[in-house]
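**Q** If you read the sequence shown in my numbering, its first letter stands for residue 603, the second for the next number, and so on.
Each residue gets a CB set at the ideal place from its N, CA and C atoms; glycine is no exception.
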Amino acid sequence: MSNRPAGHVARSTIRPHSETPRRTPRRTPARTFLHASDGTRIDAAYEPGATGRDAADLVFVVAHGFTGDADRPHVRRIAAAFARYGAVVTFSFRGHGASGGRSTVGDREVLDLAAAVTWARGFGHARVVTVGFSMGGSVVLRHAALYGDDSEARTDAVVSVSSPARWYYRGTAPMRRLHWLVMRPAGRLVGRYGMRTRIHHRDWDPVPLSPVEAAARIAPTPLLVVHGDRDGYFPVDHPRMLAEAAGDHGELWLEPGMGHAEHASGEDLLRRIGDWAVSRAG
Numbered sequence: 603m604s605n606r607p608a609g610h611v612a613r614s615t616i617r618p619h620s621e622t623p624r625r626t627p628r629r630t631p632a633r634t635f636l637h638a639s640d641g642t643r644i645d646a647a648y649e650p651g652a653t654g655r656d657a658a659d660l661v662f663v664v665a666h667g668f669t670g671d672a673d674r675p676h677v678r679r680i681a682a683a684f685a686r687y688g689a690v691v692t693f694s695f696r697g698h699g700a701s702g703g704r705s706t707v708g709d710r711e712v713l714d715l716a717a718a719v720t721w722a723r724g725f726g727h728a729r730v731v732t733v734g735f736s737m738g739g740s741v742v743l744r745h746a747a748l749y750g751d752d753s754e755a756r757t758d759a760v761v762s763v764s765s766p767a768r769w770y771y772r773g774t775a776p777m778r779r780l781h782w783l784v785m786r787p788a789g790r791l792v793g794r795y796g797m798r799t800r801i802h803h804r805d806w807d808p809v810p811l812s813p814v815e816a817a818a819r820i821a822p823t824p825l826l827v828v829h830g831d832r833d834g835y836f837p838v839d840h841p842r843m844l845a846e847a848a849g850d851h852g853e854l855w856l857e858p859g860m861g862h863a864e865h866a867s868g869e870d871l872l873r874r875i876g877d878w879a880v881s882r883a884g
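1. CB F725 to CB V661, shorter than 8 Å?
2. Check for me: the beta strand (DSSP E) holding A845 runs from which residue to which?
3. If the criterion is Cβ atoms closer than 8 Å, does the pair E853 and L871 meet it?
4. Nearest-angstrom Cα distance between R874 and M860?
5. Is the beta carbon of S705 less than 8 Å from the beta carbon of I644?
6. What residues are listed by DSSP as bridge partners for I644?
7. Give the DSSP bridge partners of R729, in chain order.
8. When you compare each of V838, L748, G651, D659 to S881 by their alpha carbons, which one comes out closest?
9. Taking E857 as part of the beta strand (DSSP E), name the residues at either end of that continuous run.
10. Have a look at V761, V809, D751 and flag the residue whose alpha-carbon is nearest the alpha-carbon of G734.
11. Buried or exposed: L826, going by 16 or more other Cβ atoms within 10 Å of its Cβ?
12. Would H851 and I820 qualify as a contact pair, given that the criterion is a beta-carbon distance under 8 Å?
13. Tell me the start and end of each unbroken alpha helix (DSSP H) in the region 719-792 that is at least 4 residues and wholly inside, in chain order.
14. Just checking, does the region 633-641 make contact with the region 710-727 on the three C-beta pairs under 8 Å criterion?
15. Given a cut-off of 8 Å, decide if H862 and D833 are closer than it, judged by their beta-carbon atoms.
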């Protein structure tokens, strides 16, 4: 595994409207496979949204949590909520859904997100907001830190929901179960056949930039950290560490009664995130 940033995104292998130039704004849904810079095939979908705004406006790129994928009902619900504010790109991380490869649980997934963001800009959208949940929340932080230049893969604002602040955390029962799932051969079999998630057997080498280290490098890109005070995976010291590391460019919403990630994100919270994105994405 590596935390090297992607250099480019290959053209998709499936083009529903192949006659349309890459930089021409498109207002129709699309489903295709992207290639991350290491060659991994990534299933991705584009929805133009229901705002009636021009194609140069906002696009959300949604990064799901571990064991999710672009077609899971909870991911579709998130996409539908953000479609009220702009276009939406959803995709399946490597090892999930129809995407190729195996999950590295937050390491090389940053390459998948870079491919999805570059594809989103290819539709003519000038403003991109990355929104990640749990594992995806850690990925959007690292992505923003690694792609903070003027590349096509950059983001204009970041929302990290229910993310860990540090790696290898085992302080809760759900995280101890997750480590068993990832680290043990029997656990990886459960992941493949019980959760439709193919997990890589190799350890991280090198260990990727931690979420809290990434949060300190995101400025001046706006960052919103969202976390529930009843999160069963990561207690509230995690979001507080992230917000402190982000400094003046970070904002923390500690949500009363909220649990973990997509399943715990209610319609009111998603509406507030959408409003924040519209106001902060430049």
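**A** For this structure:
1. Going by C-beta atoms, F725 is nearer than 8 Å to V661.
2. Per DSSP, A845 belongs to no beta strand (DSSP E); it is in the alpha helix (DSSP H), 839-848.
3. Contact annotation: E853 and L871 have beta-carbon atoms that are not nearer than 8 Å.
4. Their backbone Cα atoms lie some 14 Å apart in a straight line.
5. No. Outside cutoff.
6. Within the DSSP bridge table, the entry for I644 names L636 as partners.
7. R729 is bridged by DSSP to L660.
8. The candidate whose alpha carbon is nearest that of S881 is D659.
9. Its beta strand (DSSP E) spans residues 852-857.
10. Minimum Cα distance to G734 is reached at V761.
11. Burial call: buried.
12. Taking 8 Å as the Cβ cut-off, H851 and I820 qualify as a contacting pair.
13. Segments of the alpha helix (DSSP H) lying fully in the region 719-792: 737-748, 775-785.
14. Under the 8 Å Cβ criterion, the region 633-641 counts as touching the region 710-727, having at least three qualifying pairs.
15. The answer is yes: Cβ separation under 8 Å.
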